[in-house]
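In my numbering, the protein residues as written are 46 to 222. From the three backbone atoms N, C-alpha and C, an ideal C-beta is built for every residue, glycine too. Below: one structure, written as structure tokens.
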């Protein structure tokens, strides 16, 4: 079994304990507690059981503490959804979607027969055209619709290949018979 190289001094233990007591962020508190326990020679299995962390996370936190001190244990994640559009761009999209129909912008390349209602595919086309941005997930487009104040509607049950003239001729033929 490998010998543990990570030890903390009495001063470091007091520093970690004080940081643990004053920190309100739960993720950071867990990291501080895990590093303090590891440096105080607790067994890794016991630390994992008490904190719910993996061994690799624990070793990474110890390395961060050794290199950066308490600041290395703080949760530096920014959060959010890594938005590709700024708040101003989102407002522009909202205004454009309300002002124009898909047919106004895309012409005959719309996903519905009439081109009057926005679809995810239409939204993807215009966002790419306006801002050069695409998302891999349809959920991102649904979120964009929701952020713009749009709600889900059932799609039209009309085939794109349907020709109105042929339909009118067929209906006239049915009426004659």
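Please state if the CB of residue j and the CB of residue i are separated by a distance shorter than 7 Å.
i, j, result
"residue 165", "residue 186", "yes"
"residue 84", "residue 51", "yes"
"residue 65", "residue 55", "no"
"residue 80", "residue 107", "yes"
"residue 59", "residue 68", "no"
"residue 120", "residue 147", "no"
"residue 118", "residue 110", "yes"
"residue 76", "residue 89", "no"
Residue i and residue j look like a contact to me (Cβ under 8 Å); what is the Cβ gap, rounded to whole Å?
i, j, result
"residue 177", "residue 139", "So it is not a contact: roughly 19 Å between Cβ atoms."
"residue 169", "residue 157", "Rounded, the Cβ-Cβ distance is 14 Å, inconsistent with contact."
"residue 218", "residue 162", "Actually they are not in contact, since the Cβ atoms of residue 218 and residue 162 sit about 31 Å apart, beyond 8 Å."
"residue 135", "residue 192", "6 Å"
Say yes only if the C-beta of residue i is nearer than 6 Å to one or more non-hydrogen atoms of the ligand FAD, and no if none qualify.
i, result
"residue 137", "Although the ligand FAD was asked about, the structure shown includes no ligands whatsoever."
- Message: Which runs of the alpha helix (DSSP H) at least 4 residues long sit entirely within the region 156-181? Give them in chain order.
- Response: 165-176
- Mind pulling the alpha helix (DSSP H) runs of 4 or more residues that sit fully within the region 51-102? 55-67, 71-84 and 89-96
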